[in-house]
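Beneath this line is the structure, given in structure tokens, with notes to follow.
There are 2 protein chains.
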Amino acid sequence: MKIKNSRLDAIRLILSTQEVGSQEELLNELAKEGFKLTQATLSRDLHQLRVVKTVGVKGRYRYVLTRPQQYRHEGASGEMRPVVSPQESVGYQSIKFSGNIAVIHTRPSYASTLAYHIDGCDFPEIIGTIAGDDTVLLVMSEDATKGAVLRALRTIIPNI
Amino acid sequence: MKIKNSRLDAIRLILSTQEVGSQEELLNELAKEGFKLTQATLSRDLHQLRVVKTVGVKGRYRYVLTRPQQYRHEGASGEMRPVVSPQESVGYQSIKFSGNIAVIHTRPSYASTLAYHIDGCDFPEIIGTIAGDDTVLLVMSEDATKGAVLRALRTIIPNI
DNA sequence: AATATTATTGCATATTTTTACTTTTTGTAG
DNA sequence: CTACAAAAAGTAAAAATATGCAATAATATT
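Chains as they are written, first to last, in the working numbering: chain A, 287 to 446; chain B, 287 to 446.
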């Protein structure tokens, strides 16, 4: 959906530039940009974007983006691809799962950089990582599936 | 006051060990611990703790702690100071469990010190640790519970 | 192209969360 | 101990948010 995607972008933009305390408010901002939708749809959008309502500086509630949203662009064949610098993914070599643990092999010395990126994304599917020189040990959430973890990692390592 | 503080602690403990999707649910958990309060009060507690409602792994809503709050008290000049000495809190920031693994996040560079302390205690609930820069990966004994591990760790990290 | 499948949305409503107001509890100073 | 002030908690109602269902639009399949 073209409309939905640009609307999600608009939401990201608004939330990262101004303080929004309720969905109603956000709805108004979106209206100014020409987006016409109901609160119900907005609720679903926010759910999908994993936006959270926190407590701002003056004790006011505020909606904020959580994980760093990856900007994407349209690939040659029309599909959407993450925009990731090659440096970030070159190190990756393989991933294997066992129970709630995944082991990622990288090129020598790339492990800690990769782990750093993974940690930074705060994926709910991943509770933490430890890096050696060419190995990242990754602990999955109890209820996460391999698929979910792979999907999360794909935002960092497109060709995983 | 006394009651409120221990209740806030209980909330922190519950939220860091189990998935809670609504205030109603959390209220039940608190009741199990002997805390009797209304949902309105809980809403205020959560606001004060800056707890946020996010979207968990399976798309379900979930309440989570944001930044682990530092315990503070009023200093001589009226400003607020952390109560625990850096040594005591050893950079601790958060702990998460998955299966027989716990992942402890610390401030940068604190992980190995913390792991060293944990290892030194020879807790029967913990068979070993590995530390990165800001992450300690902890392997639990087969028969240890999350609660038992937390209780053990509390001797090192009072405000865990 | 026609049909089946899936995704998106609005509407209405249920659920959840916040808040204004009041009462109770707690701490403090006389 | 009593009175006062401040903090905490309950009550009830408002506000905000989530969701089941049905309609519609987009996408895929034959």
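Just so you know, even glycine gets a beta-carbon here, dropped at the ideal spot from N, CA and C.
CB contact check: residue i to chain A, cutoff 7 Å
i                      : result
residue 432 of chain B : no
residue 384 of chain B : yes
residue 356 of chain B : Low confidence applies to residue 356 of chain B: its pLDDT is 36, below 50, so where it sits in the model is not reliable enough to give any reading.
residue 421 of chain B : yes
residue 389 of chain B : yes
residue 443 of chain B : no
Close Cβ partners of residue i (< 6 Å) along its chain, the five nearest in sequence each way excluded
i                      : result
residue 383 of chain B : 432
residue 372 of chain A : The pLDDT assigned to residue 372 of chain A is 42, lower than 50, so where the model puts this residue is not dependable, and the model offers no usable value.
residue 365 of chain B : The predicted model places residue 365 of chain B with a pLDDT of 33, which falls under 50 and marks its position as unreliable; any figure quoted below should be read in that light. Excluding positions up to five away in sequence, the list is empty.
residue 352 of chain A : 336 and 338
Closer than 7 Å to chain B by CB, residue i
i                      : result
residue 412 of chain A : no
residue 340 of chain A : yes
residue 336 of chain A : yes
residue 425 of chain A : yes
residue 333 of chain A : yes
residue 311 of chain A : no
residue 305 of chain A : no
residue 428 of chain A : yes
residue 297 of chain A : no
residue 417 of chain A : yes
Residue i, enclosing alpha helix (DSSP H) - first and last residue
i                      : result
residue 332 of chain A : 325 to 335
residue 309 of chain B : 309 to 318
Where the beta strand (DSSP E) through residue i begins and ends
i                      : result
residue 297 of chain B : Unbroken run through residue 297 of chain B is the alpha helix (DSSP H), 288 to 303; no beta strand (DSSP E).
residue 436 of chain B : Segment 432 to 440 is the alpha helix (DSSP H) holding residue 436 of chain B; no beta strand (DSSP E) there.
residue 457 of chain B : An answer regarding residue 457 of chain B cannot be provided, because it is not within the stretch 287 to 446 covered by chain B.
residue 395 of chain B : First-last for residue 395 of chain B: undefined, no H or E at that position.
residue 382 of chain A : 378 to 384
residue 338 of chain B : 338 to 341
residue 414 of chain A : 412 to 417
residue 346 of chain B : Looking at the DSSP string, residue 346 of chain B is not in any beta strand (DSSP E), and its letter there is neither H nor E.
Local Cβ density within 10 Å of residue i, reported as buried at 16 or more and exposed below that
i                      : result
residue 411 of chain A : buried
residue 280 of chain A : Given a span of 287 to 446 for chain A in the structure shown, any question on residue 280 of chain A remains unanswerable.
residue 421 of chain B : buried
residue 427 of chain A : buried
residue 293 of chain B : buried
residue 333 of chain A : exposed
residue 425 of chain A : buried
residue 317 of chain B : exposed
residue 387 of chain B : buried
residue 380 of chain A : exposed
Sequence-distant residues of the same chain with beta carbon closer than 7 Å to residue i, five excluded per side
i                      : result
residue 458 of chain B : Within the shown structure, residues of chain B are numbered from 287 to 446, placing residue 458 of chain B beyond reach of any answer.
residue 290 of chain B : none
residue 328 of chain A : 309, 312 and 313
residue 394 of chain A : 419 and 420
residue 466 of chain A : The question about residue 466 of chain A has no answer here: the residues shown for chain A are numbered 287 through 446.
Cutoff 8 Å; reference residue i; Cβ partners in own chain excluding five residues on either side
i                      : result
residue 341 of chain B : 347 and 348
residue 325 of chain A : 309, 310 and 313
residue 302 of chain A : 351
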